[in-house]
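Just so we're aligned, residue 1 is where the sequence shown starts under UniProt numbering, counting upward by one.
C-beta: ideal position from N, C-alpha, C; glycine also.
These numbers come from a predicted model, not from an experiment.
Reading through the structure tokens given below for one structure.
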Amino acid sequence: MVDRPDILCIGSVLWDMIGRSASTMRLGSDVPGRIIRIPGGVAMNIAMTLVRFGLRPALLTSLGRDRDGDALIAEAEDMGMETVFAYRSDDLPTDSYMAIEGANGLIAAIADAHSLERAGAKILRPLEDGRLGNAAAPWAGPVALDGNLTAELLREIAGSPLFAAADIRLAPASPSKALRLQALMGHPRTTFYVNLEEAGLLCNTVFDSSGAAARALVARGAARALVTDGGRETTEAAGDRVLGRRPPEVLVTRVTGAGDTFMAAHIAAELRGSAPEAALEAALDAAATYVSGDTPQ
Numbered sequence: 001m002v003d004r005p006d007i008l009c010i011g012s013v014l015w016d017m018i019g020r021s022a023s024t025m026r027l028g029s030d031v032p033g034r035i036i037r038i039p040g041g042v043a044m045n046i047a048m049t050l051v052r053f054g055l056r057p058a059l060l061t062s063l064g065r066d067r068d069g070d071a072l073i074a075e076a077e078d079m080g081m082e083t084v085f086a087y088r089s090d091d092l093p094t095d096s097y098m099a100i101e102g103a104n105g106l107i108a109a110i111a112d113a114h115s116l117e118r119a120g121a122k123i124l125r126p127l128e129d130g131r132l133g134n135a136a137a138p139w140a141g142p143v144a145l146d147g148n149l150t151a152e153l154l155r156e157i158a159g160s161p162l163f164a165a166a167d168i169r170l171a172p173a174s175p176s177k178a179l180r181l182q183a184l185m186g187h188p189r190t191t192f193y194v195n196l197e198e199a200g201l202l203c204n205t206v207f208d209s210s211g212a213a214a215r216a217l218v219a220r221g222a223a224r225a226l227v228t229d230g231g232r233e234t235t236e237a238a239g240d241r242v243l244g245r246r247p248p249e250v251l252v253t254r255v256t257g258a259g260d261t262f263m264a265a266h267i268a269a270e271l272r273g274s275a276p277e278a279a280l281e282a283a284l285d286a287a288a289t290y291v292s293g294d295t296p297q
């Protein structure tokens, strides 16, 4: 029998191939650097941070029955995650992600998450077959949900009795997929974690501050919104309450996964019972440590 996990991480689990250079880069740059392959994907990045904070997350995702999928399962289990609920496909390969980072930030990235999209609602079976709940007795704990899921599946989740009691935390995955999260706008138990650009896309405008963005998301129907803006102030808004904090100043050595680290650290702090101010500060500290390169990968 599998022990109940602390949180469900639903979405992309894949291999990250990341090239990093200390040089400033532009279109067509050919520079020296390092290339690494590490476990990644939004759901995986969030789960890895949750594990570092002493929590036991379960992964609900799609992985191929291939060597890459087997290796990811082994890595996740070694880190302390629950993988028994992951959907393993006989005909879909394990997904992957490739990014190039320079001294001036993320240069370009490609996410090949087509297997997750094609698997669709199959990844949610443990929530309806009794292993993690069912329609009559739905999962009542926290859920980290990522925007790599299709808009259609996110719409199903928004109205599904399987998520009626869940504490849903949303990550957009990337600005190009942020609009998929509109399906959960208005859901009473959902928290949006977005950056300034993603908030603008969801509100069909351009914001000059996280405060304006967070307030606009709440006005648009978000139960709660946390908006980051790089090294500038991050803002949390929920109802009439607005809370802003500036992140610590650090030397930025990496950016891929920073938003996922912020979200996971905030969830972990709240599950420990931290007050809103303390939870926000803990999340900003964790993200700053991550981008500085002090957190191991």
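Determine the closest residue to residue i out of the options, with distance taken between C-alpha atoms.
i: Ala108; options: Ile100, Gly273 and His114; result: Ile100
i: Leu154; options: Ala140, Pro172 and Gly141; result: Pro172
i: Gly239; options: Pro247, Ala199, Ala225 and Arg246; result: Ala225
i: Ser115; options: Glu128, Asn104, Leu181 and Thr150; result: Thr150
i: Gly33; options: Gly159, Arg26, Ala237 and Ser21; result: Ser21
i: Asp260; options: Arg246, Thr228 and Arg232; result: Thr228
i: His187; options: Ala223, Lys177 and Cys203; result: Ala223
i: Arg241; options: Ala103, Gly40 and Val218; result: Val218
i: Glu183; options: Phe163, Ala158 and Ala164; result: Correcting the residue identity first, residue 183 is Ala in this sequence and not Glu. When only C-alpha atoms are compared, the closest one is Ala158.
i: Met25; options: Leu271, Tyr97, Gly102 and Leu72; result: Gly102
i: Asp91; options: Gly69, Met79 and Tyr97; result: Gly69
i: Gly41; options: Leu72, Gly28, Ala166 and Phe192; result: Leu72
i: Arg232; options: Arg52, Leu196, Glu117 and Met263; result: Leu196
i: Ile110; options: Asn148, Ala74 and Gly80; result: Asn148
In whole angstroms, what is the alpha-carbon distance linking residue i and residue j?
i: Ala258; j: Arg125; result: 30 Å
i: Ala43; j: Asp30; result: 31 Å
i: Ile18; j: Arg37; result: 7 Å
i: Ser292; j: Ile123; result: 34 Å
i: Gly221; j: Asn134; result: 27 Å
i: Leu162; j: Glu156; result: 10 Å
i: Met48; j: Glu82; result: 12 Å
i: Ser209; j: Leu201; result: 14 Å
i: Ala121; j: Leu145; result: 13 Å
i: Ala164; j: Met185; result: 14 Å
i: Glu128; j: Leu63; result: 20 Å
i: Ala119; j: Pro93; result: 11 Å
i: Ala14; j: Ala74; result: Note that residue 14 is Leu in the sequence shown, not Ala. In a straight line, the C-alpha of Leu14 is about 13 Å away from that of Ala74.
i: Asp112; j: Ile46; result: 19 Å
i: Leu243; j: Leu181; result: 23 Å
Locate the beta strand (DSSP E) running through residue i, then write down its first and last residues.
i: Pro276; result: Note, Pro276: premise wrong, no beta strand (DSSP E); alpha helix (DSSP H) at Pro276 to Val291.
i: Phe207; result: No beta strand (DSSP E) contains Phe207, which DSSP labels as neither H nor E.
i: residue 298; result: Any question about residue 298 goes unanswered here, given that the chain covers just 1 to 297.
i: Ala137; result: Segment: none, Ala137 is in no beta strand (DSSP E) and carries neither H nor E.
i: Met98; result: Ser96 to Gly102
i: Asp112; result: Gly105 to Asp112
i: Gly259; result: Gly259 -> not in any beta strand (DSSP E); alpha helix (DSSP H) instead, spanning Ala258 to Leu271.
Short check: CB of residue i to CB of residue j, under 9 Å?
i: Pro175; j: Leu8; result: no
i: Gly130; j: Thr61; result: no
i: Asp16; j: Thr256; result: yes
i: Arg88; j: Arg67; result: no
i: Val250; j: Gly105; result: no
i: Asp78; j: Leu50; result: no
i: Ala282; j: Ala269; result: yes
i: Phe85; j: Leu59; result: yes
What residue range does the alpha helix (DSSP H) around residue i cover?
i: Glu75; result: Arg67 to Met79
i: Met17; result: Counting along the chain, Met17 falls outside any alpha helix (DSSP H), though it belongs to the beta strand (DSSP E) covering Leu14 to Arg20.
i: Arg155; result: Ala151 to Gly159
i: Ala47; result: Val42 to Arg52
In this structure, what does DSSP give as the bridge partners for residue i?
i: Ile168; result: Val143 and Thr190
i: Ile123; result: According to DSSP, Ile123 bridges with nothing at all.
i: Ala238; result: Arg241
i: Ser89; result: Gly64
i: Pro57; result: Ile7
i: Ile36; result: Ile18
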